[in-house]
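J.:
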Amino acid sequence: MSWDIVGHEWAIDILQRSIAGGRAAHAYLLSGPAGIGKSRLALRLAQALNCDAGGPAPCLVCRTCKRIERGNHPDVRLAGMASQTANLKPEEAARQKDLKIDTVRDWLADIHLRPYEARRRVFILHDAERLTEAASNAMLKTLEEPPPYATLILVAHTSGELLPTIVSRCQPLKLRPLARTVVADALRERLNLTEADAALLAAWSGGRIGWAIHMVENPDELEARQNQLDDLIAMQAQPRTSGFRWAEERAKEYRAGEQAVVFEALALWQSWWRDVLMVAAGCPDQVVHIDRRDDVEQAARRYRLAEIQGFVARLNDTVRQLRENVNPQLALENALLHLPGG
């Protein structure tokens, strides 16, 4: 019996104890950063609740576990932004920002039917933080009085964007980033990476094993990420007009529905300046971009601590402003005006 999950032993222990004692919750809320392992844990929980072996952990080899893994078990229903946009054209899908009430209604349409084959019916909803208020309210009735044979699992990047009434009706499990050594060991053992490559990816991952595995499987994305960081670092030495062109391009992406791309770029920029701040503050062991340590140390010596700290705070404010629907170009240009050395 094995959950086949890297880390999160505390969460697995809670789930196994509740299943073994017949005290499994009717609804769970799994939250944490993207790539932390939420989706995998939700799938393993669905398997554990229905595994043919009948234990508190899934065997992963029985017919039920395999069908749930493949996504074709009739008693396990999945929904989220992927299902909502599955039949849309790419440009239409890109404009979809929220989980709509129709998606929730389709997801829960037959929840009152008894299980076809398994012991329990399991309903997994991804991207729960993107639920509209109407969709949340449509779910509340079910969360208040779920059928005794149904389990709902909400998966969200953050629980803070969900209605408090939703959160209060679920058992929360907030997954935390894993230690670098745990991620590096897993990458070496599971993907046969060299010690150096595993250590580098583990540092970049921020404790997100799923992110690290995705990058190993998609090296082009990893290369694009490194090139993007090169451009962001180089912006310090370029004329301010170059920075404004960058802001204009990102704003166009944002307005075109590619908000995730802009947030990823800002997160990458934040990670670089956080490294500079850590070195300037005397905490070099916390550096993420360990392959660029010399550049980080040079930047830490070049600027005053207060100047670095102020720009890190400015980038955080920019992310907040974008989420609050501030004009994206103005928000990004304002950040650039505070770039150290600018």
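Each residue of the sequence shown is one higher than the one before, counting from 1201 in the working numbering. In this text, a Cβ means the ideal position worked out from N, Cα and C, and glycines have one as well. Bear in mind that the values here come from a model prediction, so they are computed numbers and not experimental data.
Given that a residue counts as buried once 16 or more other Cβ atoms are within 10 Å of its Cβ, and exposed if not, what is T1394?
T.: Per the 10 Å Cβ criterion, exposed.
J.: Roughly how many whole angstroms lie between the Cα atoms of R1501 and G1410?
T.: Roughly 34 Å between the two C-alpha positions.
J.: Using 10 angstroms around the beta-carbon of P1274, count the other beta-carbons present and answer buried if the total reaches 16, otherwise exposed.
T.: Burial call: exposed.
J.: Going straight from the alpha carbon of P1377 to that of L1401, what length do you get?
T.: Approximately 14 Å, taken between the alpha carbons.
J.: Would you give the residue range spanned by the beta strand (DSSP E) that P1372 belongs to?
T.: Taken as a continuous stretch (DSSP letters only), the beta strand (DSSP E) holding P1372 covers Q1371 to K1374.
J.: Quick one: residues in its chain with C-beta nearer than 7 Å to the C-beta of E1329, no 5 flanking neighbours on either side, listed in chain order?
T.: Cβ within range, chain order: A1356, H1357, T1358, E1361 and L1362.
J.: Judging by CA-CA distance, which residue of I1413, D1252, A1535 and E1292 is the nearest neighbour of V1206?
T.: Nearest option by C-alpha distance: I1413.
J.: In its own chain, which residues sit with a C-beta less than 8 Å from the C-beta of L1468, not counting the 5 before and 5 after it?
T.: Cβ within range, chain order: R1425, Q1428, L1429 and L1432.
J.: Excluding the five sequence neighbours on either side, which residues of its own chain have a C-beta within less than 8 Å of the C-beta of R1421, listed in chain order?
T.: Note on identity: in this sequence residue 1421 is Glu, with Arg being the wrong assignment. These residues qualify, in order along the chain: H1414 and M1415.
J.: Using the three-state DSSP reduction, which class does S1202 fall into: helix, strand or coil?
T.: S1202: coil per DSSP, three-state reduction.
J.: Once DSSP output is grouped into helix, strand and coil, what is the label at I1311?
T.: Coil, per DSSP.
J.: Since I believe T1518 is in contact with A1535 (beta carbons under 8 Å), could you give me their beta-carbon distance rounded to a whole number of angstroms?
T.: Indeed, because the Cβ distance is near 4 Å, the residues count as touching under 8 Å.
J.: Take F1511 and list the residues in its own chain whose beta-carbon comes closer than 7 Å to its own, dropping the five residues that flank it on each side.
T.: Closer than 7 Å at Cβ, skipping near neighbours: W1473, H1538, L1539 and P1540.
J.: Alpha carbon to alpha carbon, how far is F1463 from P1233? Give it in angstroms, no decimals.
T.: Those two C-alpha atoms are separated by around 13 Å.
J.: If contacts are defined as beta-carbon pairs under 8 Å, then K1300 and T1332 qualify, I think. What distance do you get, rounded to the angstrom?
T.: About 6 Å; that satisfies the 8 Å criterion.
J.: Given a cut-off of 7 Å, decide if V1488 and S1471 are closer than it, judged by their beta-carbon atoms.
T.: Cβ atoms of S1471 and V1488: closer than 7 Å.
J.: Below 7 Å between beta carbons: does that hold for W1307 and A1350?
T.: No, the pair does not count as a contact, with Cβ atoms beyond the cut-off.
J.: Taking DSSP as the reference, what is the three-state secondary structure of I1236?
T.: In the structure shown, I1236 sits in coil (DSSP, three-state: anything other than H, G, I, E or B).
J.: Could you name the residues that DSSP lists as bridge partners for L1387?
T.: Answer by DSSP bridge pairing: none, since L1387 is not bridged.
J.: List the DSSP bridge partners of I1324.
T.: Beta-bridge pairing links I1324 to L1278 and I1353.
J.: Any Cβ of chain C within less than 7 Å of the Cβ of L1260?
T.: Considering every chain present, this structure includes no chain C. It has just one protein chain.
J.: Looking at L1375 and K1289, is the spacing between their C-beta atoms short of 7 Å?
T.: No, Cβ-Cβ distance for K1289 and L1375 is not below 7 Å.
J.: Which of helix, strand or coil does DSSP assign to L1343?
T.: In the structure shown, L1343 sits in a helix (DSSP, three-state: H, G or I).
J.: When DSSP labels each residue in this structure, what does L1539 get in the three-state scheme?
T.: In the structure shown, L1539 sits in coil (DSSP, three-state: anything other than H, G, I, E or B).
J.: Among all the DSSP beta bridges, which residues are the ones paired with A1227?
T.: For A1227, which the question treats as bridged, DSSP gives the partners L1352.
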